[in-house]
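> Read in order, the letters of the sequence shown are residues 0 to 326 in numbering that gives the first Met the number 0.
In this text, a Cβ means the ideal position worked out from N, Cα and C, and glycines have one as well.
Before we start, here is the structure in question, set down as C-alpha cells.
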Amino acid sequence: MESRRLGRSGLSISAIAYGNWLTHGGQVEEDAAQACVRAALDAGITTFDTADVYAGTRAESVLGRALAGQRREGLEVFTKVYWPTGPGHNDRGLSRKHVVESCHASLRRLQTDYVDLYQAHRYDPTVPLEETMTAFADLVRAGKVLYIGVSEWNAEEIAAGAALARDLGVQLISNQPQYSMLWRVIEAEVVPTSEREGVSQIVWSPLAQGVLTGKYVPGEQPPPGSRASDPDAGRFIQRFMTDDVLTRVQQLRPVADDLGLSMAQLAIAWVLQNRNVAAAIIGATRPEQVHDNVAAAGVTLDADVLARIDDVLGDVVERDPAKTARG
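This is the structure:
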C-alpha cells in the first residue's frame, strides 16, 4: 500500500483510507462490517475515517470494536465533529462545549486514548472561529488529538483556519471534500489555497456514490441492494442518476478495459493523480469491494488517459466552486 504525507506535517497515511459513513451501524450488519475492516487491514490500509454523527454515533462504536486488539501505533484513526449527536441545543456545531464533549465521547466509542486527526465536519458560521480553533488546539495540547483538519470548508475558510492554527501553535493539515471525476468543485479554489497553506485533501466519494463503478445503467432500475435502491442512503446519489451522466459513465468502460482496470479502480486512481490528494476514502459492504478498490493505489494515469476521460465526460462534470458544501 502506498503511503503519503498529510499536509505539511510528518504524518503518513495510506493512500486508500477506509471510511464507514453509510455502512457501519446502518447499511450492513456488524459481522459484515468487521469482515470489511479485516480486509482493509489485510490489504495494507492503516487509515480509518469515521464521524460522531454516522449512524447516530453507532459507526464509531462498530469501528472501535473492529479495530480492538490492533497495534494502535500502526493505525491512523480519524473522526469528526459538527452535526447533531443529541437533542440539546449544545449537541451540535463547533462551540467549545460541543467540540470538547464530542471528542471525549468519540474516544470512548472508538476505544482509544487519542485520535490521529480530529476534523470540523463543516464550517460553523454561528461560532467565532477563534473559539473553535482554540478548543481544537487545547485538545491537541491535552494529547487527545494529534492533528486537526476540516471537511467541506471553502478556500477562504481554510485559509482563515490555517492562519489561526499557526497562531495557536498547532497544525491544520487536511480538508475532507467530495471529489471525483464527476465532482471537481475543489479544483479552482480549494486546492490552490490548500497547497499554499500546507493542507492536503482526504477525499470522500471518489466513486460518486458508486455511479463510477458503472453498475447503474441509463433507463434501467438500480440493482437490488445497491445504494441507489436504498431509500435512506440513496438520497445522496440522486444528483448523478440522470441518463446523461450514466450514459457518459458507461463510455468510460473502454478506458478502464484498455488499462486492465475495473471501473472502480479507474475512478480511484483518477483522484489519486491530484498531487494535493493524500488519500481516497473507500467504503464497503463486502470484503471483495475492498480488495478491488485497493488495487488503484500506485496506478499512474498518463496525460493521454486523463484527456480521454475529460473528453468522455464532457459537460456533465460539476466544477462550480460555489457548490462546496456548507453547514
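Please confirm whether A277 and G6 have their CB atoms less than 9 Å apart.
A contact, by the Cβ cut-off of 9 Å.
> Taking buried to mean at least 16 other C-beta atoms within 10 Å of its own C-beta, is A321 buried or exposed?
So A321 counts as exposed.
> Count the C-beta pairs between the stretch 135-148 and the stretch 83-91 that are closer than 8 Å, then say yes if the count reaches three, no if not.
The stretch 135-148 vs the stretch 83-91: no contact.
> Please list the segments of the alpha helix (DSSP H) lying wholly inside the stretch 121-154, counting only runs of 4 or more residues, in order along the chain.
128-140, all fully within the stretch 121-154.
> Between G313, G73, T192, V198, which has its C-alpha nearest Q250's C-alpha?
Taking only the C-alpha atoms, the option nearest Q250 is G313.
> Is the beta carbon of P80 sitting closer than 9 Å to the one on H97?
The identity of residue 80 in the sequence shown is Val, whereas the question assumes Pro. Contact: yes.
> How far does the alpha helix (DSSP H) with V99 in it reach, from first residue to last?
Unbroken alpha helix (DSSP H) run through V99: 95-109.
> How many Å lie between R195 and D48 at the Cα?
Going by the C-alpha atoms only, they are around 25 Å apart.
> Considering only the alpha carbon of each residue, which of A187, Q177, D319, P124 lies closest to A159?
Looking at the Cα atoms, P124 is the closest of the given residues.
> Is DSSP giving T46 helix, strand or coil here?
Note: T46 maps to strand in three-state DSSP.
> Closer than 8 Å is the cut-off here; do at least three beta carbon pairs connect the stretch 195-204 with the stretch 251-267?
Not touching, per the Cβ criterion.
> Can you look up V80 in the DSSP assignment and give me helix, strand or coil?
V80: strand per DSSP, three-state reduction.
> Between which two residues does the beta strand (DSSP E) harbouring V202 extend?
Taken as a continuous stretch (DSSP letters only), the beta strand (DSSP E) holding V202 covers 199-202.
> Reducing DSSP to helix, strand and coil, say where L251 ends up.
L251: coil per DSSP, three-state reduction.
> Taking its Cβ as the centre, do 16 or more other Cβ atoms sit within 10 Å of E129, making it buried, or is it exposed?
Exposed, since its Cβ has fewer than 16 Cβ neighbours within 10 Å.
> Going by DSSP, which residues form a beta bridge with Y53?
DSSP output for Y53 lists no bridge partner at all.
> Does the Cβ-Cβ distance between W269 and S193 come in under 9 Å?
Result no, Cβ atoms of W269 and S193 do not sit closer than 9 Å.
> According to DSSP, is G326 helix, strand or coil?
Residue placement at G326 is poorly supported in this model, since its pLDDT is 43, which falls under 50; the coordinates still yield a value, given next. Reduced to three states, the DSSP call for G326 is coil.
> Could you give the residue range of the alpha helix (DSSP H) that holds R274?
It is not in any alpha helix (DSSP H) - R274 carries neither H nor E in the DSSP assignment.
> How big is the Cα-Cα spacing for V293 and R37?
Spanning the two alpha carbons is a distance of roughly 13 Å.
> Which residue comes first and which comes last in the beta strand (DSSP E) that contains Q33?
No beta strand (DSSP E) holds Q33; the alpha helix (DSSP H) holding it covers 29-41.
> Would you tell me roughly how many angstroms separate the C-alpha atoms of G326 and F235, rounded to the nearest one?
Note on G326: pLDDT 43, under 50, position unreliable in the model; the coordinate value appears next. Those two C-alpha atoms are separated by around 16 Å.
> At the level of alpha carbons, what is the spacing between W152 and D243?
The alpha-carbon atoms of W152 and D243 are separated by roughly 29 Å.
> By Cβ distance, which residues of its chain are closer than 7 Å to R107, with the 5 residues on each side in sequence left out?
If we look at R107 and ignore the five residues flanking it on each side, it has no Cβ neighbours.
> For Y117 and L145, what's the separation of their Cα atoms in angstroms?
Computed Cα separation, rounded: 8 Å.
> Do A279 and A67 have their CB atoms nearer than 9 Å?
The answer is no: Cβ separation not under 9 Å.
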